[in-house]
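Participant: Protein chains in written order, with the working numbering: chain P, 1 to 413; chain S, 414 to 826; chain Z, 827 to 977; chain L, 978 to 1128.
A virtual CB, placed ideally from N, CA and C, is assigned to each residue, including glycine.
Sharing a structure here in structure tokens format.
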Amino acid sequence: MVNRAFLSDRTRQDFPILHQSVNGHPLVYLDNAASTQRPGCVIEEISRYYREDHANVHRGLHALSTRATQLYEAARTRVARFLNAAQPASIVFTRGTTESINLVAASWVTARLRPGEVILTTEMEHHANLIPWQIAAQRTGAQLKFLPVTGEDGAGVDWDRLERLLDELPVRFLAFTHISNSLGCVNPIARICQAAKKVGVITLVDAAQSAGHSPLDVQAIDCDFLAFSGHKCCGPTGIGVLYGKSHLLEQMEPYQVGGEMISSVTYERAEWKPAPHRFEAGTPHIAGAIGLAKALDYLDRLGRPAIESNDHLLGRLAYERLRELPGIRILGPRQDRAGIVSFQLGRIHAHDLVAYADQFGVALRGGHHCTQPLMRKLGLSASARASFYFYNTTEEIDRLLNTLRSAADYFGA
Amino acid sequence: MVNRAFLSDRTRQDFPILHQSVNGHPLVYLDNAASTQRPGCVIEEISRYYREDHANVHRGLHALSTRATQLYEAARTRVARFLNAAQPASIVFTRGTTESINLVAASWVTARLRPGEVILTTEMEHHANLIPWQIAAQRTGAQLKFLPVTGEDGAGVDWDRLERLLDELPVRFLAFTHISNSLGCVNPIARICQAAKKVGVITLVDAAQSAGHSPLDVQAIDCDFLAFSGHKCCGPTGIGVLYGKSHLLEQMEPYQVGGEMISSVTYERAEWKPAPHRFEAGTPHIAGAIGLAKALDYLDRLGRPAIESNDHLLGRLAYERLRELPGIRILGPRQDRAGIVSFQLGRIHAHDLVAYADQFGVALRGGHHCTQPLMRKLGLSASARASFYFYNTTEEIDRLLNTLRSAADYFGA
Amino acid sequence: MELDELYQSMILDHARRPRNFGELAPPAVRSEGYNPACGDQITLYVRKGQNDTIEELRFTGQACAICMASASLMTVQIKGKPVREALRLEREFIRSLTGPDDLGPALGNLRALAGVKRFPQRLKCATLSWHALEEALNQPAGPSEGGGPQG
Amino acid sequence: MELDELYQSMILDHARRPRNFGELAPPAVRSEGYNPACGDQITLYVRKGQNDTIEELRFTGQACAICMASASLMTVQIKGKPVREALRLEREFIRSLTGPDDLGPALGNLRALAGVKRFPQRLKCATLSWHALEEALNQPAGPSEGGGPQG
Ligand SMILES: Cc1ncc(COP(=O)(O)O)c(C=O)c1O
Ligand SMILES: Cc1ncc(COP(=O)(O)O)c(C=O)c1O
């Protein structure tokens, strides 16, 4: 491990925000699961777009509008390539993972499920991949069922139970996360989607934590829907993606309605454009899509396989080092973990720990990480979380450990 | 008029995009009703935020997250001040006008209207302020009724008829635009909202074309809801605003669900935060809100009364000059018009005209301007539109006129 | 000027004086082409003759110069031709407008539309009438007027 | 270090060894304070005595040091005090934490929480138990245990 070149050597200088002091210490940004940072080239592309090319898209025939439209649609093509989608028309731009999932909940699940049918998900989901299904179940009379998280510290879901469950229950829809944002475990998405497909169950993958971290090939995975957020993979805020198989998108009613998504309108009624435009009512976040395309270029230059192993290496290193601390409880599996490590240190409340770490420039997250029911199940009201991206260094893990040690002294844990 | 100092003298240099050539001619950007341009200070603020302060909001206790949250919530307060809203909690950040209206259509209108009750709107509405009501009417059994646009060329709505209509029909909800994006007429919003309030009708003002163009005081207007888009008033793409009276927002169910908007969650059900957070599920467009706040600072430094008279002056000048062209038909009223002028030149199709103008660097819009039914009513399949903002000059109106004259020759109109 | 490539004199001429402009009564088949984004609207009337030829062909509509000229040129080009030949021409026309190749001599006067290649936003205008043609040719013939056997 | 302002030794002490920690049986009134954003959770038990005094007061919960210490300090400060006096103290405490003024001498040991003023994100932690107190004081007394008349 010592001789291995970490990606941080090559990338750290690309991220302006990382080179600052916080409370008199160099910033150690370990809150990447909440939001990553952006390289200068993405920030510059957003500025460049506004300085040179901005106009509204789709509706215009003048030069700026043509340029803006071309850039916006090229961004769609770029995202399709990023996911290896069969066609750009499978890519809908949204605000983020949350909106992508809400869209599917409204336009597919709520429109199609019948009383008694089952929406299946897991106990480790982010609120964004839980509450939309609660509402869809309420509205349709469908039941929401959970694949349990096993292990005292939340090792993950026992996916071997999936096939039997799919056989036993009238499951129509299966939604699950690729990488858990609080446990750090990695779910075998291709295997899961295959099992679901065999019995005609429609699948949605929450890729908020994996897009930009791992290779993603929607055709190989064979999921029906997949959602992610730009701000979690070096892109701008306010932009996200819903991938959907084209034949599904074409069957779905629009989610929001207004300009840009209609083919013809009378005072009484409207007809919709084909997907993806049907799902993009109103002026879209043009600069966001263009900035996201630039971010994906950046990531693919680094290479997602390289990012993935770098993530896993940092995650593993942090896990093993943290285990040395007296009184620590680390959530999630020991093996096969992504660059996300949640923990509880002795009796120190996560809030105190995070506030303490911040005084030493170390940015952690503390709380339920938008997985309240999971935390409750694990007997925690909150936990602290360190999450890594390719620009993080092993020295930063040292800084983290030193800070946690001195926190334990300080709070007398 | 000759001696009057136009705002362009003071502002034009602030807009980097305007200083470019298009097809060998200096750009004349007259497509502001579709989207305005941004001053350098807004572009720079977005960059600065990403370079210095970005992290996810609300959930974090570390320095970056605290800064990002403070900037984001300060942006909300800034918008509240911009609209003179009684409190920041009345301001919901959305993607734009379209989403704001969809939110109200789902969470207020569809949730409350009964069969036979009336949603009232006008014949001049943008699709964004029409199709959501069509859908809401279909879902609830309510009726959608229209205040007619009068005059051969669409002078506007005869608002004197409003009170009688409100008396005669079981109206529950009234949605209308402040400034029409295709007719350029200005509706008397305070008077309209007052009349509606007297009979307990809830009002929504589509301020997409007026925010950033005219002073707006939601307490004086006394509207219940008001919507606008950042990209139409010097702000970033992907950000918009819904203003709602707090007692209404508090009664409404959420629109999208997920993280950040809940107070507590079990596997079975969730409880919501109070407004406005209840309506902001997921990671918001943080950079968008912060950039919008900067744009509003810029606008208020110029002064909205000054922008309004500048707009009206340019609109009037363009109208009077265009009238000199043989065979021209100009839509909208002659008096009291904003800086938006739609027209048909002889038999030249709007597309040809716009493509022609583009070859001379003049950016116009051609089409139905997202008001298909209105265009049909006026007997047009499309029209050309020149729309102005404070950075436009009288010389640009000269350029427009010269271009239209030579187009008439070219196409033999 | 680049614009002259788009609006060649033949285009402007056909736009101003569209050929075969007008309606045809049933049993001619009628089909609509509409591009809501810009408001181009074309109605096409097609009457097939013996041996599957396009015997008569007319159109009406309101549209931009590119769309009008394209419709007008199309009617001139394919009137009297076999259906198969018309469809082959359509494919060739659309393929050359969207692909790397130039518009070949087989396209005849349609080559006046070559400028569209440099104005991709006008592609839909140039092809609208052709899509309407394809739709018309796929329809069964309408009921004949005035006493033909209804069936 | 700035942090020491937030975590004064009195805070750390009360967080580690909270005073008046535990439950009270009915007829003591019980109320919950919960901050879902961070997971702070406090249960407060209040028994009023004669003349509207707060006779007995205890709490349980899982929360951060600021929240625990604030609850502990609160119980020490107001036990035995008249309800009116407790509510006055609450107002004074919240006002000084959120306003420009320093925490005055009337607040006694609560002044150890002054550091919260520089950490506004911790305001909710510091005030959670006080909101629970207000709620408890607004409740009617619960049914007394073991044979009291049921009302
Ligand atoms: C009057 C009016 N309403 C609504 C909209 C829709 O705004 P947006 O596309 O930003 O959602 C527009 C702009 O296109 C408009 O002009
Ligand atoms: C697993 C997972 N799903 C969904 C989300 C929601 O993403 P966003 O807030 O960008 O909509 C997040 C991030 O918070 C996440 O970690």
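Does the beta carbon of Lys232(P) fall short of 7 Å from some heavy atom of ligand 2?
Facilitator: Checking every heavy atom of ligand 2 against the Cβ of Lys232(P), one is found closer than 7 Å.
Participant: With a Cβ-Cβ cutoff of 8 Å, do Leu596(S) and Leu420(S) count as a contact?
Facilitator: Against a cut-off of 8 Å, the Cβ pair of Leu420(S) and Leu596(S) comes out as no contact.
Participant: Might you give, ordered along the chain, the residues of its own chain that have their beta carbon closer than 6 Å to the beta carbon of Leu582(S), omitting 5 neighbours on each side?
Facilitator: Correct list, in chain order: Val531.
Participant: Would Arg778(S) pass as a contact of Gly60(P) if the rule is Cβ separation under 8 Å?
Facilitator: Yes, these two residues count as a Cβ contact at 8 Å.
Participant: What's the C-alpha gap between Pro844(Z) and Ser520(S)?
Facilitator: Between Pro844(Z) and Ser520(S), the C-alpha separation is close to 52 Å.
Participant: What is the rounded straight-line gap between the Cα of Thr94(P) and the Cα of Gln372(P)?
Facilitator: Taking the straight line from one Cα to the other gives about 25 Å.
Participant: Just tell me which of Glu1033(L), Leu1110(L), Ile1071(L) has its CA closest to the CA of Leu1100(L).
Facilitator: With distances taken between Cα atoms, Leu1100(L) lies closest to Ile1071(L).
Participant: How would you label Thr266(P), buried or exposed, when you count the other beta carbons within 10 angstroms and need 16 or more for buried?
Facilitator: Burial call: exposed.
Participant: Whole angstroms are fine: how far does the CA of Pro1004(L) sit from the CA of Val92(P)?
Facilitator: Their backbone Cα atoms lie some 59 Å apart in a straight line.
Participant: Counting only beta-carbon separations shorter than 8 Å, does Asp771(S) have a partner in chain P?
Facilitator: Yes, Asp771(S) counts as interfacial toward chain P.
Participant: Taking 8 Å as the CB-CB limit, is Ala446(S) close to chain Z?
Facilitator: Taking Cβ atoms only, chain Z never reaches closer than 8 Å to Ala446(S), which makes this a no.
Participant: Of all the CB atoms in chain L, is at least one closer than 8 Å to the CB of Ala386(P)?
Facilitator: No, no contact with chain L.
Participant: Chain Z partners of Ala795(S), CB-CB under 7 Å?
Facilitator: Those within 7 Å of Ala795(S) in chain Z are Cys864, Gly865.
Participant: Along the beta strand (DSSP E) that carries Phe343(P), what are the first and last residues, could you check?
Facilitator: Residues 340 to 345.
Participant: Just the C-alpha distance for His247(P) and Thr203(P), rounded to the nearest angstrom, thanks.
Facilitator: Roughly 14 Å separates the two Cα atoms.
Participant: Cβ atoms of Ala1083(L) and Val1006(L): under 8 Å apart, would you say?
Facilitator: Cβ distance not < 8 Å, so Val1006(L) and Ala1083(L) don't count as in contact.
Participant: Name the residue from Leu813(S), Phe589(S), Glu733(S), Arg789(S) whose alpha carbon lies nearest to the alpha carbon of Arg542(S).
Facilitator: Correcting the residue identity first, residue 542(S) is Asn in this sequence and not Arg. It is Phe589(S).
Participant: Taking all protein chains shown into account, do 16 or more other C-beta atoms lie within 10 angstroms of the C-beta of Thr563(S), making it buried, or fewer, making it exposed?
Facilitator: Answer is exposed; the Cβ neighbour count stays below 16.
Participant: May I ask you to check if the CB of Ser755(S) is nearer than 7 Å to at least one heavy atom of ligand 1?
Facilitator: No.
Participant: On the premise that Leu477(S) lies in contact with Gln450(S), defined as a C-beta separation below 8 Å, what is that separation, rounded to the nearest angstrom?
Facilitator: About 30 Å; that fails the 8 Å criterion.
Participant: Listing by chain order, which chain Z residues have their CB less than 7 Å from the CB of Thr283(P)?
Facilitator: Residues of chain Z passing the Cβ test: none, with the nearest at roughly 15 Å.
Participant: From this set, Val341(P), Glu123(P), Ile43(P), Tyr29(P), which residue's C-alpha is nearest Ala289(P)'s C-alpha?
Facilitator: When each option's Cα is compared against that of Ala289(P), the closest is Ile43(P).
Participant: Which stretch, first to last residue, makes up the alpha helix (DSSP H) that contains Leu579(S)?
Facilitator: Element bounds for Leu579(S): 575 to 581.
Participant: Report the three-state DSSP secondary structure of Gln622(S) (helix, strand or coil).
Facilitator: It is coil, neither helix nor strand.
Participant: Just checking: is the beta-carbon of Asp352(P) within a distance shorter than 8 Å of some beta-carbon in chain L?
Facilitator: At least one chain L Cβ lies under 8 Å of Asp352(P).
Participant: Using the beta-carbon of each residue, which ones in chain S are nearer than 7 Å to Gln1098(L)?
Facilitator: Going along chain S in sequence order, the residues near Gln1098(L) (Cβ under 7 Å) are Leu474, Thr479.
Participant: Let's see if you can read the secondary structure: which residues bound the alpha helix (DSSP H) around Leu484(S)?
Facilitator: Taken as a continuous stretch (DSSP letters only), the alpha helix (DSSP H) holding Leu484(S) covers 476 to 496.
Participant: Within 8 Å of any Cβ in chain P, is that where the Cβ of Leu980(L) sits?
Facilitator: Output row for Leu980(L): interface = yes.
Participant: Between Ala640(S) and Leu655(S), is the Cβ-Cβ spacing less than 8 Å?
Facilitator: Yes; because the gap between Cβ atoms is below 8 Å, this pair is in contact.
Participant: Can you list the residues of chain P that Arg1088(L) reaches, using a CB-CB cut of under 7 Å?
Facilitator: By Cβ distance, chain P contributes nothing, its closest Cβ being about 20 Å from Arg1088(L), past 7 Å.
Participant: Provide the residue span of the beta strand (DSSP E) that contains Asn861(Z), from first to last.
Facilitator: Residues 855 to 861.
Participant: Around the C-beta of Lys874(Z), are 16 or more other C-beta atoms found within 10 angstroms, so that it is buried, or is it exposed?
Facilitator: So Lys874(Z) ends up on the buried side.
Participant: From the DSSP secondary-structure annotation, give me the bridge partner or partners of Ser21(P).
Facilitator: Note: Ser21(P) sits in a beta bridge opposite Pro26(P).
Participant: Closer than 7 Å to a non-hydrogen atom of ligand 2 - does that hold for the CB of Gln433(S)?
Facilitator: No, the beta carbon of Gln433(S) sits no closer than 7 Å to any heavy atom of ligand 2.
Participant: What is the DSSP secondary structure of Arg798(S), counted as helix, strand or coil?
Facilitator: In this structure, Arg798(S) counts as strand in the three-state DSSP scheme.
Participant: Given a cut-off of 8 Å, decide if Glu536(S) and Lys790(S) are closer than it, judged by their beta-carbon atoms.
Facilitator: For Lys790(S) and Glu536(S), yes; Cβs fall inside 8 Å.
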